[in-house]
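Numbering (the working numbering), first residue to last: 24 to 74. By construction, the Cβ of each residue, glycine as well, lies at the ideal position given by its N, Cα and C atoms. Owing to the predicted nature of the structure, the values given are computational and were not obtained by experimental measurement. Worksheet for the structure shown next.
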Amino acid sequence: MPQLDTIYILMIYMWTWTMLYLMMQKIKTTLMTANPMIYPTPKSTITLQWL
């Protein structure tokens with residue numbers, strides 16, 4: 024059934040992008056909390072949000 028295949032592929036696609044997004048958020052938060060002295064100026068923290 025093509026409908027089930029399409030739903031299955033869409034679920035895998037959405038799950039993969041959700042996991043990638045959550046991993047990027049976790050990496051960004053750990054970098055911000057673990058190394059606060061690397062970014063002393065507010066200009067660097069503003070550019071960090073766009074990564």
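{"Asked": "Contacts around T52, its chain only, beta-carbon distance under 6 Å, and the 5 residues preceding and following it disregarded", "Found": "none"}
{"Asked": "CA-to-CA distance, T56 to W40, given in whole angstroms", "Found": "24 Å"}
{"Asked": "Residues near M37 by beta carbon distance below 6 Å, same chain, minus five either side", "Found": "none"}
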